[in-house]
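Undergrad: So that we are looking at the same thing, I have put the structure below in structure tokens.
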Ligand code: ADP
């Protein structure tokens, strides 16, 4: 009989059984009364109570206990024949009966409960096992298999059969290396996977695997180490998905991106070449415009009225601006075209040269340029670095509020790379513009207020990047600017 029956039986049935047991015990005791007299009046009710306990649990058993007590007192104990004990010996007999029967009932109840619990746990385990077995069996999209401590296959689900082409019977007991490519086996990938599962508790792995027919699939798997309660290694379980299609798409996407990037680079180079040629070809007519307008102003100024002279000088200024722009553009274009020769360069020497080049401007503005010697040497292209430093200093001299004497500080700091800092007390740059000023033709002011072409910082950024570094700025309007250039250590 199943232990759960006790719980599932209707209460009425259990109590009816208890009453029947009591009556049955009463009948037996009654029929033995001529032999037993008033001896052992309760004895027969004890097994009846235990029987009721087995059948119906604590409640029905207690009912038999009470009924037995009443019936024995009424019928088998002389001389009172009342329900209640009438002297000390009866009371003692009652107490012994009640206690021993209760003890038996409690024991039965405990037995019931532990059997119920055991049954419940066994059921749960069976259900879990069944669910796991069905899950593993149905998970045809996943290869799920286990291997022993020596890497011999111990279980192999239908998903693993489908993914690898190996039937369970063929592989059980075999070392599981057969799903690895010969290259990975040569590099000890299976052992490494096991080691990683052992050390970290699990190993996550994506690589090409081999099917039975020799074809390959991209398997993405996770291996866990199986241990018993004492921590002894019992083997390893692996669950794996076939992501070949995804891998192919990724590779296709990558190759398309590479192709497109190549195309873009080509068209960029073509564009740069074209810009360079156009800019180059524009120089000659511009030079002609400039010199002819100068000649006209010098040699024919008597024949020109004031309006004519004004027009002519505007033509001359425009040609000059255009010529500056073309020069800057050519400089910018040349940067990407020529390969750079990176060498150890002394920043001290570079700034000495820059100060000489900008000496007129510095004197005119009475600017103070403080170079915190010695500056650190860097690995760079000398002409490009010269241009970068010159542009930063000339901007620092240029972008100051009217009436303010420019004060510029230059220093370097060491780290994984060298950082060159150029600080000024100029007009500053609003946060929202700090990115775009490094793009070509981006200017924050009109040419009337501050002259320029908008190419200087683009040259600084491109130059720094070509030398393996970068450029950044920290600034606030009215608070000056701090430009920093990251450069390689020599
Ligand atoms: P240009 O100097 O020819 O205008 P740049 O590319 O050198 O072009 O600079 C772009 C813009 O960035 C400038 O027009 C100016 O608005 C801003 N800028 C550059 N340097 C500074 C600086 N030191 N202080 C304030 N603004 C600056």
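In our numbering, the protein residues as written are 677 to 1166. Beta carbons are placed, not taken as given, at the ideal position from N, Cα and C, and that holds for glycine.
(1) With 16 other CB atoms within 10 Å as the buried threshold, where does residue 1102 fall?
(2) Which residue marks the beginning of the beta strand (DSSP E) containing residue 1088, and which one marks its end?
(3) Who pairs with residue 1164 in a beta bridge, going by DSSP?
(4) Leaving out the 5 sequence neighbours to the left and right, which residues in its chain are closer than 6 angstroms to residue 880 when beta-carbon positions are compared?
(5) Might you give, ordered along the chain, the residues of its own chain that have their beta carbon closer than 7 angstroms to the beta carbon of residue 1129, omitting 5 neighbours on each side?
(6) Would you grab the beta carbon distance between residue 1057 and residue 1162 for me? Rounded to a whole angstrom, and I think it's under 8 angstroms.
(7) Does at least one heavy atom of the ligand ADP sit under 8 angstroms from the Cβ of residue 1044?
(8) What three-state label does DSSP hand residue 693 in the structure shown?
(9) Could you check whether residue 871 and residue 851 sit closer than 9 angstroms to each other, using their CB atoms as the reference points?
(10) Compare the C-alpha of residue 1036 against each of 1070, 775 and 781 and name the closest.
(11) Under 8 angstroms, with one C-beta from each stretch per pair, do the region 928 to 938 and the region 956 to 969 reach the 3-pair mark?
(12) Express the C-alpha separation of residue 916 and residue 727 in angstroms, rounding to a whole number.
(13) When burial is assigned at 16 or more other CB atoms within 10 Å of the CB, is residue 1067 buried or exposed?
(14) Going straight from the alpha carbon of residue 860 to that of residue 1049, what length do you get?
(15) Closer than 8 angstroms: is that where the CB of residue 964 sits relative to any heavy atom of the ligand ADP?
(16) Tell me which residues share the same chain as residue 1126 and place their Cβ nearer than 7 angstroms to its Cβ, disregarding the 5 neighbours each side in the sequence.
(17) Is the Cβ-Cβ distance between residue 1149 and residue 1064 less than 9 angstroms?
(18) May I ask which residues mark the beginning and end of the alpha helix (DSSP H) holding residue 922?
(19) Can you tell me the Cα-Cα spacing of residue 953 and residue 947, whole angstroms?
(20) Considering just the uninterrupted stretch of the beta strand (DSSP E) at residue 1047, what are its terminal residues?
(21) Below 7 angstroms CB to CB, which residues in the same chain sit around residue 956 once its five sequence neighbours on both sides are set aside?
(22) For residue 717 versus residue 748, is the C-beta spacing smaller than 9 angstroms?
(23) Under 9 angstroms, do residue 1086 and residue 1060 count as touching if we go by C-beta distance?
(24) Would you tell me roughly how many angstroms separate the C-alpha atoms of residue 1041 and residue 939, rounded to the nearest one?
(25) What is the rounded straight-line gap between the Cα of residue 1082 and the Cα of residue 1156?
(26) For residue 1110, does the three-state DSSP call read helix, strand or coil?
(27) Is residue 711 helix, strand or coil when you go by DSSP?
(28) Report the three-state DSSP secondary structure of residue 803 (helix, strand or coil).
(29) Whole angstroms is fine: what's the gap from residue 1146's alpha carbon to residue 922's?
(30) Using the C-alpha atoms, what's the distance from residue 1151 back to residue 1110?
(31) Nearest CA to the CA of residue 895: which residue from 846, 817 and 844?
(32) Under 9 angstroms between the Cβ atoms of residue 784 and residue 729?
(33) Does residue 892 pass the burial test, meaning 16 or more other C-beta atoms within 10 Å, or should it be called exposed?
(34) Start and end of the beta strand (DSSP E) containing residue 899?
(35) Check the C-beta distance from residue 910 over to residue 919 and give it rounded, since I have them as a contact under 8 angstroms.
TA: Reading off the structure:
(1) buried
(2) 1083 to 1089
(3) 1055
(4) 898
(5) 1000, 1001 and 1004
(6) Not a contact, Cβ separation roughly 15 angstroms.
(7) no
(8) helix
(9) no
(10) 1070
(11) no
(12) 56 angstroms
(13) buried
(14) 56 angstroms
(15) no
(16) 1074 and 1075
(17) no
(18) 920 to 975
(19) 10 angstroms
(20) 1044 to 1047
(21) 1006
(22) yes
(23) no
(24) 48 angstroms
(25) 10 angstroms
(26) coil
(27) helix
(28) helix
(29) 37 angstroms
(30) 8 angstroms
(31) 817
(32) yes
(33) exposed
(34) 892 to 903
(35) The pair is not a contact, with the Cβ atoms about 29 angstroms apart (cut-off 8 angstroms).
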